[in-house]
Amino acid sequence: MEERKQNIEKYNTFRNQYPEFIYEGYEATEGEKGLELCYHFQIPGLARFSPSWKFPKGDLKRGALRKQLIFSLGMVELVSYWKLTCSPCVVVKAGYLSPEQIRWWKDLYFHGLGEFFYVNQINNVDPEEFMELVVDPSLEKDTRELPQETWKEDTVLVPIGGGKDSAVTLELLKEAGASCYGYVINPRGATIHTAEVAGIPNDRMILVKRTLDKTMLDLNQQGYLNGHTPFSAIVAFSSLIAAALYGLPYIALSNESSANESTVSGSTVNHQYSKSFHFEKAFHQYVEDYLPGSSCYFSLLRPLSEFQIARYFAEKKQYHEIFRSCNVGSKEDVWCGHCSKCLFVSLILSPFLRQDEVIHIFGRDMLEDESLYPLLEKLTGIQEEKPFECVGSRDEVNTAIVLTIRRLEKAKKPLPRLLERYRETDCYARYEGQSKQYLCYFDEENLVPEPWKRLVQERCCRDVEEA
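One gets our numbering by counting positions in the sequence shown from 1 and adding 118 to each.
If you want it as structure tokens, here you go:
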């Protein structure tokens, strides 16, 4: 209660003390090594910020990249700095925005910051009044289209995060005979190894460096507001720049239908908002309306559940030693083995791999660790609030656990401690008869182009016996 009161007081105090946040401009420098972007933001009376991006040189001639693409990346980058004080007025001096675009950006900020407001217990934030976006109407509107004649036909840019999902996208596109480029922001072991295993040559790897401004990190330490921002929206806008630099007509994300589920039951708060179909569809339309000539952005895995993705991934054992998606262990490129993300991945893979295979991946048997049971309760919906991580739906986690229990009991093997406790809950009884509902699942709300959509359905939506 005390922390909640402090955060609300901070929110109101900072908004009064720092009424403006300014997007002043940006610099774009093209050199021998590539394209360097530097954005300039300011909270008057507090600090200036200059985050930067470095993109490889690319294949296209100077002038092929529209200013509006660079400006737009700054629009999504700014929210990480704005949230320090949540200034009520954002003044945009760097580029043109129509009234419709202003509404679009406010919608992204509001929903993308849902977790930030919830975790900081800043309640009753009005979606209209939390921010006013002010733009100079005299700014030039950029209406040029990208030169599509330079595009490499049927070539796909795939953002690689190092987890199982991007590996599945790469493998499905490989089956389809598509030509792929890998896109990685701030490379680490798992992202590079995933690309190597997928067979992407070095000259088709677009390795980008994003640098946060140290002043923001210092202010976080001093007690200014901090929390989750919509990182996948940054991936979306920055991937448009990368695709434009290399003349790539398609960008294939790896976001599944499970990302649509709210993190807090009965609310719109979603840790994965910018991975949801709501964002994907809105972004697709924004690009079509305001960034014409840009690449086609879609998620190849949108029709699928995490359950189906895990089943397909379980067959791709070449990735099992190298994939990582644990945020706690990301800096060391390891699975920590103690967080909700590690537990989720182990649970969703358990119906399709032997116990010893799962243990080998994570380095420990999490299902025997009773201290993780509260996390299992959150993942299954026994507790209303899911972990604030990129995890599957409650239904899928329950389904995976029921199938794992069934397989172990059929083999007359003892249940691990977590599953033994789960078997006594109402969840087990509720899901026992629904264990195959996700095997043939296919979400029709997707933007996957044909014939890739047919391949995804044929390859991943099969009613087969569990492993």
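C-beta atoms are modelled at their ideal positions from N, C-alpha and C, and glycine is treated no differently.
Values in this document were obtained by computation on a predicted structure and should not be read as measured data.
Give me the Cα-Cα distance between residue 461 and residue 440, rounded to the nearest whole angstrom. 17 Å
Residues that residue 207 bridges to, as DSSP identifies them: 138, 250
For residue 390, which of helix, strand or coil comes out of DSSP? coil
For residue 432 and residue 283, the rounded distance between their alpha carbons: 11 Å
Measure from the alpha carbon of residue 340 to the alpha carbon of each residue in 574, 479, 202, 501, then state which is nearest. 202
With DSSP as the reference, please indicate the residues paired to residue 158 in a beta bridge. 143
Do residue 427 and residue 419 have their beta-carbon atoms positioned less than 8 Å apart in this structure? yes
Report buried or exposed for residue 421, applying the criterion of at least 16 other Cβ atoms within 10 angstroms of its Cβ. buried
DSSP three-state call for residue 327: helix, strand or coil? strand
Comparing C-alpha positions only, which one of 506, 515, 185 sits nearest to residue 463? 515
Over what stretch of residues does the alpha helix (DSSP H) that includes residue 222 continue unbroken? 217 to 230
Which listed residue (318, 543, 356) has its alpha carbon closest to that of residue 153: 356
Sheet register partners of residue 503 (DSSP bridge): 382
Exposed unless 16 or more other CB atoms sit within 10 angstroms - verdict on residue 181: Bear in mind that a pLDDT of 49 at residue 181, under 50, signals an unreliable position, so the number given afterwards is only what the model happens to contain. Classification for residue 181: exposed.
Under 7 Å Cβ to Cβ from residue 360, same chain only, skipping five residues before and after it: list those, please. 173, 275, 301, 324, 326
Quick one: what's residue 277 bridged to in DSSP? 301
Could you tell me which of 374, 406, 334 sits nearest to residue 508, measuring between CA atoms? 374
Where residue 336 sits in the DSSP three-state scheme: helix
Check the C-beta distance from residue 206 over to residue 137 and give it rounded, since I have them as a contact under 8 Å. 6 Å
Cβ-based burial, residue 238 [other Cβ within 10 Å; buried from 16]: buried
Determine the contact status of residue 159 and residue 140, defining contact as a CB-CB distance below 8 Å. yes
Give me whichever residues DSSP pairs with residue 152 in a beta bridge. 174
With C-beta atoms as the reference, is residue 536 less than 8 Å away from residue 467? no
Exposed unless 16 or more other CB atoms sit within 10 angstroms - verdict on residue 134: exposed
Can you tell which of 559, 200, 280 has its C-alpha closest to the C-alpha of residue 248? 200
Quick check on residue 529: does DSSP put it in helix, strand or coil? coil
Express the C-alpha separation of residue 513 and residue 243 in angstroms, rounding to a whole number. 30 Å
Any idea what DSSP makes of residue 166, helix, strand or coil? strand
Pick from 241, 546, 483 that is closest to residue 495, judged by C-alpha positions: 546
On the criterion of 16 or more Cβ atoms from any shown chain inside 10 Å, does residue 530 qualify as buried, or is it exposed? exposed
Does residue 403 pass the burial test, meaning 16 or more other C-beta atoms within 10 Å, or should it be called exposed? exposed
Given this structure, state the Cα-to-Cα distance separating residue 235 from residue 387, to the nearest angstrom. 9 Å
Alpha-carbon spacing of residue 577 relative to residue 424, whole angstroms: 15 Å
Roughly how many angstroms separate the alpha carbons of residue 312 and residue 412, rounded to a whole number? 27 Å
Quick one: what's residue 413 bridged to in DSSP? Residue 413 pairs with nothing; no bridge assigned.
Do the region 184 to 198 and the region 223 to 234 touch if we need at least three Cβ pairs shorter than 8 Å? yes
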